[in-house]
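J.:
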Amino acid sequence: MQPGGNLWEVSASALVPAGRGAERIASLFWWMTGGSLLVWLLVVGIALYAVYGRGGSQRSARRLIVWGGAVVPTVLLTVLLAFGLAAIPPLLAPPPVGSRTIHITGEQWWWRVRYPLPDGTSFELANELRLAVGEPVELLLESADVVHSLWIPALAGKMDLIPGRVTRLTLEPTRAGTFAGPCAEYCGDSHAFMELMVVVSAPQELQRWLERQAAPAVAPASPQAQAGQARFQSSGCGACHSVRGTSADGVVGPDLTHVGSRLRIAGGRLLNQVSSLQTWVARPQQLKPGAIMPGFHFLPEQELEVLAVYLGGLE
Ligand code: HEC
Ligand SMILES: [Cu+2]
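Position 230, counted from 1, in the sequence shown is what my numbering calls 587; the numbers after and before it change by one each time, with no gaps.
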């Protein structure tokens, strides 16, 4: 199984950070938790003293109220607030000049990902982001419809995707792995099936992946896949989907040039296997209520199968 195929290999924990932003947020969390624990212990101590203590003079009671009720909480909360506020600017700082920029558009209900290339061209894919350890990138985030929010807990904080605006998020992965990035702002029927997979690897591996993704689609090899391509062309899939190197140049849905190489399809709804591609093409609405793609369940089973074989071969 490919990495990310196994649910347990995918991390979505903000407390096991794998990126600079997430490290800052996790450390802030632990300091806040420690601070709260301290305050809690103090309050419980005073409560126990009030119940079991021998009592004291009026003056010592007043002192306790002034110190325990005003001075100490004010100092502690001010320190925690300053600490919290100081943690924000580095989270919003852009990466060093020359870092890679990647465009992500939130759509109901998938992530459109576009990598600009040094020669001025770019390629697109869906629901998957690939990065290299130690290489910071800047995400330029846009929305095609409603407000979405990208949250990759293991790598960084949340950032909203707002129609008509471009927001930015810096990612700087510190270790390799596969990390989940769900949509964190309710955005309609299939909001829960809108997940970005982030694969972090060594720089050389990323380079190989970029070269493969930038290349046009491979020609279908087997007779089955060839039949699938013919079916794809005659069914009108190309009105919504692009397969670079063929006549399919639609832009409504995900670019399918290398769909076979993705970990998952349909916003993480399904693992990427030929059987699930077949299920998806037949009944997208059943898998993702409200999905814009029409179902092709009226096609004979055998036609759906060759279509899926063709798609799976687009690696
Ligand atoms: C009206 C436009 C439209 C047509 C026609 C259409 N699709 Fe789609 N397709 C979409 C949209 C939109 C999505 C994204 C759905 C989502 O994930 O919410 C999608 C998703 C997919 C995916 C998953 C891609 C990924 O990486 O997640 C596959 C595979 C796919 N379509 C294949 C097909 C095939 C094969 C046909 C023709 C039989 C077809 N589509 C026809 C709009 C369309
Ligand atoms: Cu969303």
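No residue lacks a Cβ here, since even glycine has one placed at the ideal position from N, Cα and C.
What you are looking at is a predicted structure, and each value in this text was computed from that prediction instead of being measured.
Cβ of methionine 551 versus every heavy atom of ligand 2: is any distance shorter than 7 angstroms?
T.: Under cutoff, so the answer is yes.
J.: Output yes or no for whether 8 angstroms exceeds the beta carbon distance between glutamine 583 and proline 577.
T.: Result yes, Cβ atoms of glutamine 583 and proline 577 sit closer than 8 angstroms.
J.: Which word fits glutamine 635, buried or exposed, when buried means at least 16 other C-beta atoms lie within 10 angstroms of its C-beta?
T.: Burial call: buried.
J.: From the DSSP output, in three-state form, read off phenylalanine 386 for me.
T.: Phenylalanine 386: helix per DSSP, three-state reduction.
J.: When the Cα of leucine 486 is compared with those of Leu372, Glu529, Gly426, Asp546, which residue comes out closest?
T.: Checked all of Leu372, Glu529, Gly426, Asp546; the closest Cα to leucine 486 is Glu529.
J.: What beta strand (DSSP E) runs, 3 residues minimum, are completely inside the segment 532 to 607?
T.: Runs of the beta strand (DSSP E) inside the segment 532 to 607: 534 to 539, 552 to 558.
J.: Mind pulling the beta strand (DSSP E) runs of 3 or more residues that sit fully within the segment 407 to 480?
T.: Runs of the beta strand (DSSP E) inside the segment 407 to 480: 457 to 464, 467 to 473.
J.: What are the start and end residues of the beta strand (DSSP E) that includes valine 503?
T.: Taken as a continuous stretch (DSSP letters only), valine 503 belongs to no beta strand (DSSP E), as it is neither H nor E.
J.: Among the residues of its own chain, which have a CB less than 6 angstroms from the CB of threonine 462, if the five just before and after it don't count?
T.: Once the five neighbours on either side are set aside, the close Cβ partners of threonine 462 are Arg469, Glu499, Ala501.
J.: What is the rounded straight-line gap between the Cα of leucine 644 and the Cα of leucine 563?
T.: Rounded to whole angstroms, leucine 644 to leucine 563 spans 31 angstroms at the Cα level.
J.: Are there three or more Cβ pairs, one per stretch, closer than 8 angstroms when the segment 501 to 515 is compared with the segment 537 to 545?
T.: Yes, the segment 501 to 515 touches the segment 537 to 545.
J.: Quick one: grab the DSSP three-state call for proline 646.
T.: Residue state, collapsed to three classes: coil.
J.: Residues in the same chain with beta-carbon distance under 7 angstroms from methionine 358, minus the five sequence neighbours each way, listed in chain order, please.
T.: Here the model assigns methionine 358 a pLDDT of 43, short of 50, so the residue's position is not dependable, and the following value carries that caveat. Nothing listed; no residue qualifies.
J.: Determine the extent of the alpha helix (DSSP H) in which threonine 527 is found, giving its start and end residues.
T.: That residue, threonine 527, is in no alpha helix (DSSP H); its beta strand (DSSP E) goes 524 to 528.
J.: Which of the three DSSP states is assigned to alanine 371 in this structure?
T.: Here alanine 371 sits in coil by DSSP.
J.: Is phenylalanine 480 close to ligand 3? I mean its beta-carbon at under 7 angstroms from any heavy atom of the ligand.
T.: As presented, the structure is devoid of ligand 3, carrying ligand 1 and ligand 2 as its sole ligands.
J.: Using only alpha-carbon positions, find the residue among Thr603, Val490, Met554 that is nearest to aspartate 574.
T.: A small fix is needed here, since residue 574 is alanine in this sequence, not aspartate. Comparing Cα-Cα distances from alanine 574 to each of Thr603, Val490, Met554, the minimum goes to Thr603.
J.: Near alanine 319, what residues of its chain come up, given a Cβ to Cβ distance below 7 angstroms and the 5 sequence neighbours on each side ignored?
T.: Absent from the model: residue 319. The displayed extent of the chain is 358 to 672, so no value can be given.
J.: Cβ atoms of valine 557 and valine 494: under 8 angstroms apart, would you say?
T.: No.
J.: So is the beta-carbon of glycine 610 under 7 angstroms away from any non-hydrogen atom of ligand 1?
T.: Yes, the beta carbon of glycine 610 sits closer than 7 angstroms to at least one heavy atom of ligand 1.
J.: Since alanine 511 is in the alpha helix (DSSP H), which residue starts that stretch and which ends it?
T.: Unbroken run through alanine 511: none, as it is neither H nor E.
J.: Grab me the residues of proline 646's own chain with a C-beta within less than 8 angstroms of its C-beta, minus the 5 sequence neighbours each way, in chain order.
T.: Answer for proline 646: Asp546, Ser547, listed in chain order.
J.: If I measure Cβ to Cβ from glycine 378 and keep anything under 6 angstroms in the same chain, skipping five residues before and after, which residues do I get?
T.: Cβ within range, chain order: Leu448, Ala513, Gly514.
J.: Take glycine 624 and list the residues in its own chain whose beta-carbon comes closer than 6 angstroms to its own, dropping the five residues that flank it on each side.
T.: Excluding residues within five positions, the ones whose Cβ falls inside 6 angstroms are Trp466, Trp467, Asn484, Phe550, Met551, Glu552.
J.: Alpha carbon to alpha carbon, what distance is there between arginine 416 and valine 677?
T.: One cannot answer for residue 677 here, as it falls past the ends of the chain, which runs 358 to 672.
J.: Thinking just about the alpha-carbon of each residue, which of Trp387, Leu496, Leu434 is nearest to the one in arginine 471?
T.: Closest by alpha carbon: Leu496.
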